[in-house]
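Numbering-wise (this note's numbering), the sequence shown opens with residue 475 and increments by one. Using N, Cα and C, we set each Cβ at its ideal position, and we do this for glycine too. All values derive from a computational prediction rather than experimental measurement.
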Amino acid sequence: MAALASTTRTIARKWTPHALPLAAKATAAASVHQTRSISETHQTSSFDSPFKGAGAGTKIPSFAAYRNKSGGETGPRVFSYFMVGTMGALASLGAKNTVQDFLVNMSASADVLAQAKVEIDLSAIPEGKNVIIKWRGKPVFIRHRTDAEVQEAEDTKWESLRDPQSDSDRVKKPEWLIMLGVCTHLGCVPIGEAGDFGGWFCPCHGSHYDISGRIRKGPAPLNLEIPEYDFPEEGKVVIG
Ligand code: FES
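Following this line, the structure appears as structure tokens:
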């Protein structure tokens, strides 16, 4: 073992003085060669470095081949504006179509719209009678009032009522009273031709409505609601 270590030491001593200068010489030669080739190339370059401190060995490539040849920045800028404008218009169109499709899907379908309006033949309702029809899932009272009932409804001092409303504000034609048959207290259906005021009576909690559908007694806070309706021709009413 000692003999091996001694042999290694001897080889290293012999190698160092000869091998190290040779390696240094080779490195220096490579450096000189590299410097020469860079300086030679620099002399043939068509582009001077704009950077401070760029030595003779720095080579900046020329991008002249990629420059715009159409006369400054005008051409590319117009093209960029055109592209941005086109993309904006396409995006707006897409957004508009998306919103439109969404609204069309959310709107009522044709069968629902068909149920939205109900046409009733009034000639089938005799004077002094009630008819109840169904509209949008709710009962609607149609009362063909007599002259005496109309007179009574108009003579009532409505200003002092719980929900003050004149009879003329509740009807389009005095003889036809059309209103939702839903008690404004908790939603029961009142009974016609009943109660203390000759109109409607809600048996659930005892609300009394007069011949104009106005609340006169009981817990209901409001008059019976008047739906949208119209008389498109004589003897016909369209509700909704
Ligand atoms: S629901 Fe008609 S009085 Fe209560």
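In the DSSP assignment, V624 falls within the unbroken alpha helix (DSSP H) covering 621-629.
If the five residues before and after F675 are omitted, its C-beta is found closer than 7 Å to the C-beta atoms of P664, I665, A668, G669, H682, all from its own chain and listed in chain order. The secondary-structure analysis by DSSP pairs R617 across a beta bridge with N604, L651. Membership of K691 in the beta strand (DSSP E) is indicated by the continuous run 689-691. Sixteen is the threshold: when 16 or more other Cβ atoms of the shown chains lie within 10 Å of the Cβ of M653, as they do, the residue is buried.
Under the criterion of beta carbons closer than 8 Å, P613 and V656 qualify as touching, at roughly 7 Å.
Look at the beta carbons and you see the segment 559-579 not touching the segment 684-699: under three pairs across the two are nearer than 8 Å.
In terms of CA proximity to H679, I689 leads the group G672, I685, I689.
Exclusion of the five residues before and after D595 leaves G709, K710 as the residues of its chain whose Cβ lies within less than 7 Å of its Cβ. Between V592 and I606, the CB-CB gap reaches or exceeds 8 Å.
Here the alpha carbons of K570 and P638 stand approximately 47 Å from one another. Residue range 710-713 is occupied by the beta strand (DSSP E) that includes K710. DSSP links H682 through a beta bridge to F675, K691. A check of alpha carbon separations from L660 across G714, I534, N697, R619 identifies N697 as the nearest. In this structure, D641 keeps its C-beta atom at 8 Å or more from the C-beta atom of A622. The beta carbon of V552 sits closer than 7 Å to none of the beta carbons in its chain outside the five residues before and after it.
Between the alpha carbons of P648 and A565 lies a gap of roughly 57 Å. Nearest to G672 by alpha-carbon distance, out of G568, T532, G559, Q625, is Q625. Under the 10 Å beta carbon count, T532 is surrounded by fewer than 16 other beta carbons and is classified as exposed.
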